[in-house]
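Report on the following structure.
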Amino acid sequence: MAEQEAGTTPSVPTPIGPWLSIEELYKLHDQEKERFFSAPVKLFASVKSTRVGDGGKIVFIDLRDGFSQDIKSIGSPDAYLGSEHKCVFEKGEDESDFSPLTLDQMKETKFLSQGCSVVIEGIFVKSPEGTTQLFELQIHQLSVVGGVEDPAKYPITKSNLKQLASLRQLPFDRMLAEPVQYILQIDSEASFAFQEYLREEGFVHTPGDILTSSCCEGAGEMFKVDPQMFGTGPDGKPMPVGLTVSSQMPLEKSIDGLRRTYVFQKSFRAEKSDTSKHLCEFRHLEIEAKYIDFKWLLDFTEKMLKAVIKMVFERCAKQFDFLEGRWGPSDTTKGLRKFFLELCDRPFVRIKHAEAVQLIQRLVKEKVELPEEATGKLKRVKVKEWPTEADDLASEHEKLLVTYFGYMQLDEEERKQRLEKKAHFGAFVAVTHWPFAIKSFYMKQCSDGTCEAFDLLAPFAGELFGGSMREWRHSYLEKAVQDREMDPRPIQWYLDLRKTGAAPHGGWGMGFDRFLMMITGAPSVRDVVMLPVYYQHCPY
0 MAEQEAGTTP SVPTPIGPWL SIEELYKLHD QEKERFFSAP VKLFASVKST
50 RVGDGGKIVF IDLRDGFSQD IKSIGSPDAY LGSEHKCVFE KGEDESDFSP
100 LTLDQMKETK FLSQGCSVVI EGIFVKSPEG TTQLFELQIH QLSVVGGVED
150 PAKYPITKSN LKQLASLRQL PFDRMLAEPV QYILQIDSEA SFAFQEYLRE
200 EGFVHTPGDI LTSSCCEGAG EMFKVDPQMF GTGPDGKPMP VGLTVSSQMP
250 LEKSIDGLRR TYVFQKSFRA EKSDTSKHLC EFRHLEIEAK YIDFKWLLDF
300 TEKMLKAVIK MVFERCAKQF DFLEGRWGPS DTTKGLRKFF LELCDRPFVR
350 IKHAEAVQLI QRLVKEKVEL PEEATGKLKR VKVKEWPTEA DDLASEHEKL
400 LVTYFGYMQL DEEERKQRLE KKAHFGAFVA VTHWPFAIKS FYMKQCSDGT
450 CEAFDLLAPF AGELFGGSMR EWRHSYLEKA VQDREMDPRP IQWYLDLRKT
500 GAAPHGGWGM GFDRFLMMIT GAPSVRDVVM LPVYYQHCPY
C-alpha cells in the first residue's frame, strides 16, 4: 500500500445507520466488511434479553427487530462511555428526550429489561473464535426509547414462549414472541410464492368485491350488512347485501376477457364452528381459468402446490430451523419439512368419491390396522359416522384417507422404520366426482349423477382446496337453479354469462391459513393469523 501523502487526512468510513434493520446490517457485513468493522454504528432495536457477566462488570444484551437473527451486544467498562460519548450522528427531533444509561443502570431490570426499545451507538467487532455469531456490537452509548413499565409483568415469558396455545390467549401481545414473528415471516413468503407462481402461469390478479348481493338470500353462512343502503331488489324490498363467502362468481366474469385470473383476499363465513381449522374471516386464494378441462385443473393444482411448498421451505430455512429446533414451540408438529418434501416427490392420489366411500367401508369391515399419529402404533380402523355414497365426507373420513394412502405408498420396510420412529404418515388425496346433489349448483354435471368437482385433502389440514369445472351450458345451469328451487333473480347476471360466448372453465379456492397451519405444524389456524376472528372471539 502506498504511503499516505503528507498533509492529507485519512479517510473516515461512512457511519452505519441509524435506520438500517438487522437484516440489512447482516447484508452489509457480507458486502462491505472493511467498512462494517471500522465505521461507527447507530442502531434502533428491541431488547430480547440481558445478562451480567464477568463478576458483574459486563452487560450482555441480545437485540432483535423481528428478523430471523439477533445481534449480540456488549457493554464493558473499557468501551462504554454513556453520556460522555461524542455522537457522530445528527440527533433526531425526538432524541432529546432519550437519556443515556450508565453502565450500572444497564445491569438493573428497572432501567433495562426484555421488551425495551433502545437506540445504541458503538462499533462492530469480530466475535471471538469458537462462538456461533459472526460479530458483536461494542456499545459506546445506550438510551432507552420506550421502556417496560413493570418488567415483572411483561407478557412474554419463558413458559408461554414455548406454547402457541398459550400465546393465543394474548391476542394483543403475542406479536412480541419470536415463534409468532417467524410464522408471520413464513406467511409473507408463502403469499408471495403463490402469487409469483400464478403470475408466471399467466394469471391476472383481479380483486373481487367484499360487499355482495349474490347469494345473500337464504345463505345461512353469510354475514349480513346493516344498514341496508344499496337500493331495492326485484321484490321492492331493500337489497340484501353481505360479506362475500367467495369471489368465485366475479372471477367467472373476469375470465370473459382475461382467460386466467385469481384473487387473494378475505372471505367471511358466519359459521358457528369452534374448531382448529375454522375462522369467521380467512384469507382465500381463488383462481378461475377458461378453455381447460378437469384433468388440467387437477394437474395444475398439484404442480403449483408442490412448487410453492419447495419455494417456502427454501426461502424460510432459518424460520423453520427455529420452529423445529430446541427453542421452538413445543406444541408444533416437528419434522414436517422432510415429510412434505417427500410427498412432493410422489404423485397426488386421485380417487372418486364413491370409490373413497367404498374404501372406507371396506377398511372398517375388514378390521384393517393403520398407524395412529399420537402413538405411532397400528390401530384398528373405526369411524363414528358411517359414510355413504350420497353424503359428504366427515373430517374423520378425510383423515383416514390421508393416512391410508400415505401408509400404502411405502414399502413394508419403510413402514416398519417409520412406526419405530413414530414418524408421520400421509399423502395428498384429491377426492373427485362428487354426487351433484350435495355440491353447488354451478358445478359441471356428469351423466352419471356426479359432477366434476374435487376436494384436495392434506395431512394436518384436512380439506385444503375445493374446486370444480363450472357448468358453462346455460340450459343445464338454469335447470339446476330450478330443481333446487333457488330464486334466480340475485344471480341472473351469473346465469346470463352463459349467453355471451361461454366456454369450458373451472377453478378452485384454497384456505391460505390452513396451508400455513399445515407447513408450520401449528396446532390451529388461530396460531398463524395475526388477529384471528372466530366464533365468539373478536376482541380487536
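Counted from 1, the sequence shown has number 308 at position 309 by numbering that gives the first Met the number 0; the numbering is strictly sequential.
Note that CB positions come from ideal geometry on N, CA and C, so glycine has one too.
Checklist line | Beta-carbon gap between residue 457 and residue 427 smaller than 8 Å | finding: Looking up residue 457 in the sequence shown gives position 458. Looking up residue 427 in the sequence shown gives position 428. Yes. Within cutoff.
Item checked: Per DSSP, the bridge partner or partners of residue 51 -> The residue labelled residue 51 in the question sits at position 52 within the sequence shown. Partner(s): 58.
Item checked: Bounding residues of the alpha helix (DSSP H) (the contiguous stretch that carries residue 402) -> Stepping through the sequence shown from its first residue, residue 402 is reached at position 403. Here the alpha helix (DSSP H) through residue 402 covers 394 to 407.
Notebook entry, point to check: What number of angstroms, rounded off, separates the C-alpha of residue 481 from the C-alpha of residue 226?
Noted result: Position 482 of the sequence shown, counted from the start, is the residue given in the question as residue 481. Position 227 of the sequence shown, counted from the start, is the residue given in the question as residue 226. In a straight line, the C-alpha of residue 481 is about 31 Å away from that of residue 226.
Notebook entry, point to check: Per DSSP, what kind of secondary structure is residue 450 in: helix, strand or coil?
Noted result: The residue you call residue 450 lines up with position 451 of the sequence shown. Of the three classes helix, strand and coil, the one that applies to residue 450 here is strand, per DSSP.
Margin query: Report the start-end ranges of each beta strand (DSSP E) in the region 186 to 254 that is 3 residues or longer and not cut off at the edges.
Written below: none
Check: What residue ranges within the region 115 to 173 form continuous alpha helix (DSSP H) runs of no fewer than 4 residues, ordered along the chain?
Finding: 163 to 166
Notebook entry, point to check: Under the three-state reduction of DSSP, which class applies to residue 1: helix, strand or coil?
Noted result: Position 2 of the sequence shown, counting from 1, holds the residue named residue 1. Reliability fails at residue 1, whose pLDDT of 41 lies under 50, so the model's placement of it is uncertain and the value that follows must be treated cautiously. Correct three-state label for residue 1: coil.
Next item on the list: Assign residue 527 to one of three DSSP states: helix, strand, or coil.
Entry: Locating residue 527 in the sequence shown gives position 528, counting from the first residue. Looking at residue 527 - three-state DSSP - the assignment turns out to be coil, as it is neither helix nor strand.
Next item on the list: With residue 433 as the anchor, note down where its alpha helix (DSSP H) starts and where it stops.
Entry: Within the sequence shown, residue 433 is the residue found at index 434, counting from 1. Annotation: residue 433 is outside any alpha helix (DSSP H); the continuous beta strand (DSSP E) that includes it extends over 428 to 434.
Note to self: What would DSSP say about residue 516, mapped onto helix, strand or coil?
What the structure shows: Taking the sequence shown and counting its residues from 1, the one referred to as residue 516 is at position 517. Residue state, collapsed to three classes: helix.
Notebook entry, point to check: Taking the C-alpha atoms as reference points, what is the distance between residue 116 and residue 76?
Noted result: Here residue 116 refers to the residue found at position 117 when the sequence shown is read from its first residue. Here residue 76 refers to the residue found at position 77 when the sequence shown is read from its first residue. Straight-line Cα distance between these residues: approximately 23 Å.
Next item on the list: Would you mind sorting residue 173 into buried or exposed? The rule is 16 or more other CB atoms within 10 Å of its CB.
Entry: Counting from one through the sequence shown, the residue named residue 173 turns up at place 174. Label assigned to residue 173: buried.
Next item on the list: Can you tell me which of 42, 101, 47 and 51 puts its alpha carbon nearest to the alpha carbon of residue 156?
Entry: Position 157 of the sequence shown, counting from 1, holds the residue named residue 156. Among 42, 101, 47 and 51, the Cα nearest to that of residue 156 is on 47.
Next item on the list: Could you check which residue in 409, 148, 167 and 398 has the C-alpha nearest to that of residue 344?
Entry: Stepping through the sequence shown from its first residue, residue 344 is reached at position 345. Of the candidates 409, 148, 167 and 398, the one whose C-alpha sits nearest the C-alpha of residue 344 is 409.
Margin query: Quick check: what's the CA-CA separation for residue 246 versus residue 361?
Written below: As a working note, residue 246 is residue 247 in the sequence shown. As a working note, residue 361 is residue 362 in the sequence shown. Going from the Cα of residue 246 to the Cα of residue 361 covers about 38 Å.
Item checked: Under 8 Å between C-beta atoms of residue 106 and residue 51 -> The count along the sequence shown starts at 1 and reaches residue 106 at position 107. The count along the sequence shown starts at 1 and reaches residue 51 at position 52. Yes. Within cutoff.
Check: Do the CB positions of residue 248 and residue 272 come within less than 8 Å of each other?
Finding: The residue labelled residue 248 in the question sits at position 249 within the sequence shown. The residue labelled residue 272 in the question sits at position 273 within the sequence shown. Not a contact, by the Cβ cut-off of 8 Å.
Next item on the list: Helix, strand or coil for residue 539, going by three-state DSSP, please let me know.
Entry: Here the question's residue 539 lines up with position 540 in the sequence shown. In the structure shown, residue 539 sits in coil (DSSP, three-state: anything other than H, G, I, E or B).
Next item on the list: Taking residue 261 as the reference, give the member of 536, 207 and 140 with the closest Cα.
Entry: Locating residue 261 in the sequence shown gives position 262, counting from the first residue. Selection 536, 207 and 140 evaluated against residue 261 yields 207 as nearest (Cα-Cα).
Check: Span of the alpha helix (DSSP H) holding residue 35?
Finding: Here residue 35 corresponds to residue number 36 of the sequence shown, with the count starting at 1. Segment 32 to 35, the alpha helix (DSSP H) holding residue 35.
Check: In chain order, what residues of the same chain have a beta carbon less than 8 Å from the beta carbon of residue 283, not counting five sequence neighbours either side?
Finding: For this step, residue 283 is matched to residue 284 along the sequence shown. Once the five neighbours on either side are set aside, the close Cβ partners of residue 283 are 245, 246, 262, 263, 264, 265, 266, 508, 509, 510 and 511.
Check: If you compare alpha carbons, which of 276, 302, 301 and 259 is closest to residue 286?
Finding: Counted from its first residue, the sequence shown places residue 286 at position 287. Closest by C-alpha distance to residue 286, out of 276, 302, 301 and 259, is 259.
Item checked: Supposed close pair residue 375, residue 302 - CB separation, criterion 8 Å -> Start at 1 with the first residue of the sequence shown, and residue 375 comes out as number 376. Start at 1 with the first residue of the sequence shown, and residue 302 comes out as number 303. At roughly 32 Å, the Cβ-Cβ gap does not stay under 8 Å, so residue 375 and residue 302 are not in contact.
Checklist line | Of the listed residues 500, 532 and 166, nearest to residue 252 (C-alpha basis) | finding: Translated into the one-based positions of the sequence shown, residue 252 becomes position 253. Of the listed residues, the one whose Cα sits closest to residue 252 is 500.
Notebook entry, point to check: Quick one: Cα of residue 159 to Cα of residue 86, how far?
Noted result: Numbered from its first residue, the sequence shown carries residue 159 at position 160. Numbered from its first residue, the sequence shown carries residue 86 at position 87. Going from the Cα of residue 159 to the Cα of residue 86 covers about 39 Å.
Notebook entry, point to check: What runs of the alpha helix (DSSP H), each 4 residues or longer, lie entirely inside the region 311 to 379?
Noted result: 316 to 323, 335 to 343 and 352 to 364
Check: From residue 136 to residue 327, what does the alpha carbon distance come to, in whole angstroms?
Finding: Counting from one through the sequence shown, the residue named residue 136 turns up at place 137. Counting from one through the sequence shown, the residue named residue 327 turns up at place 328. In a straight line, the C-alpha of residue 136 is about 26 Å away from that of residue 327.
Next item on the list: Verify whether the separation of the beta carbon atoms of residue 102 and residue 140 is less than 8 Å.
Entry: Taking the first residue of the sequence shown as 1, we reach residue 102 at position 103. Taking the first residue of the sequence shown as 1, we reach residue 140 at position 141. Result no, Cβ atoms of residue 102 and residue 140 do not sit closer than 8 Å.
Notebook entry, point to check: What separation, rounded to the nearest whole angstrom, lies between the Cα atoms of residue 340 and residue 168?
Noted result: Position 341 of the sequence shown, counted from the first residue, corresponds to residue 340. Position 169 of the sequence shown, counted from the first residue, corresponds to residue 168. Rounded to whole angstroms, residue 340 to residue 168 spans 33 Å at the Cα level.
Note to self: Please state the DSSP three-state secondary structure of residue 260.
What the structure shows: Taking the first residue of the sequence shown as position 1, residue 260 is located at position 261. It is a strand residue.
Next item on the list: Please list, in chain order, all residues of the same chain as residue 56 whose beta carbon is under 8 Å from its beta carbon, the five residues on each side excluded.
Entry: To locate residue 56, count along the sequence shown from 1; it is residue 57. 75 and 76, listed in sequence order.
Checklist line | Nearest-angstrom Cα separation, counted from residue 497 out to residue 535 | finding: As a first step, residue 535 must be located in the sequence shown, where it is residue number 536. As a first step, residue 497 must be located in the sequence shown, where it is residue number 498. Spanning the two alpha carbons is a distance of roughly 41 Å.
Notebook entry, point to check: So what does residue 533 bridge to, in DSSP terms?
Noted result: In the sequence shown, counting from the first residue as 1, residue 533 sits at position 534. In DSSP, residue 533 forms a bridge with 536.
Checklist line | DSSP bridge partner residues for residue 304 (one or two, in chain order) | finding: Taking the sequence shown and counting its residues from 1, the one referred to as residue 304 is at position 305. For residue 304, which the question treats as bridged, DSSP gives no partner whatsoever.
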